[in-house]
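Take the sequence shown: its letter number 89 is residue 89 in UniProt numbering, and every next letter is one higher.
Everything on this sheet refers to the single structure shown next.
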Amino acid sequence: MTIGQVPDLFDGQAAPSRDDYVLAQGFLRNPEYCRGVLPDERMWPPELDRLPANDDGRIRIDRAVVFAIARRVITELDDPWSATQLHAAITFWGAPPGQSTTRAAKPFADANVAGRLTQAIEITRGEGPISAYKALSRHQRLWVRGLGPSYFTKLMYFAGYDAKPYLSQPLIMDDNVIAGLIKVTGHPWEALGEHYSRYLDLAKDWAYEFATEPDVIERRLFALGS
């Protein structure tokens, strides 16, 4: 793909509805198992208790649910547990097939997790996603042991989407999105700050061209890279 070229992301069709394609993206989870991976009960997001359960006891956690938790959390950042509750919901929603939720929950064991996640949310919403990405990167001031870009960009996305509408929006950049970017552009991509910045700009441009939202582009890249 040449610079400035817009890829045919949707096979010649219009971009799908954000409500159906993005916000409804969800997965069935066992709430008792999820609750059990948390080192402290206060990290549990109470919104999950209000979700209807299937016959087998599992609940469906989708992006709309996680956004609802985020909207509550950003009003309660003086509560040291709020940011961990959002990250817990993200962990339960985002653990990929074949990966144990226990493994994804390892960052909760870091003694600094609550304060650093809270600061990360504040930076995302105040300074923007690029500053937050830098601060959360390995061995930087808000680094949480075991929390890599695949998950901290999820935190940035849910906590900061639309906080700064005039900036490129924070988006998820996990392994599948990276694979999708490589497939679509034909160029190498990695989980690096400069690549993240370029990805956000591309997603903003492509969203404009397809008359859609940047996270619809992210969701499509995820699908193409999966």
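All C-beta atoms, glycine included, are put in the ideal place defined by N, C-alpha and C.
Predicted model, so just to flag it, every value in this text is computed and none were measured.
Kindly indicate which three-state DSSP category I130 falls into: helix, strand or coil? In the structure shown, I130 sits in a helix (DSSP, three-state: H, G or I).
Complete runs of the alpha helix (DSSP H) confined to the stretch 41 to 84 [at least 4 residues]: As far as the stretch 41 to 84 is concerned, its whole alpha helix (DSSP H) runs of at least 4 residues are 63 to 73.
Could you name the residues of the same chain whose beta carbon sits closer than 6 Å to that of M156, not counting the 5 residues immediately before and after it, in chain order? Around M156, the same chain offers T124, P129, A132 and P170 as residues with beta carbons nearer than 6 Å, after the five sequence neighbours per side are excluded.
Does the separation of the CB atoms of I69 and P45 fall below 8 Å? In terms of Cβ geometry, I69 and P45 form a close pair [threshold 8 Å].
Is the Cβ-Cβ distance between L48 and P107 less than 8 Å? Contact flag unset, no.
Tell me whether K154 is buried or exposed, calling it buried when 16 or more other Cβ atoms sit within 10 Å of its Cβ. So K154 counts as buried.
Would you report the Cα separation of R220 and F10, rounded to the nearest angstrom? Straight through space, the alpha carbons of F10 and R220 are spaced by roughly 8 Å.
Where does F10 fall in DSSP's three states? Coil.
Where does L38 sit, in a helix, a strand or coil, going by DSSP? It is coil, neither helix nor strand.
Return yes when the Cβ of V22 is within less than 8 Å of the Cβ of D215, no when it is not. In this structure, V22 lies closer than 8 Å to D215 by Cβ.
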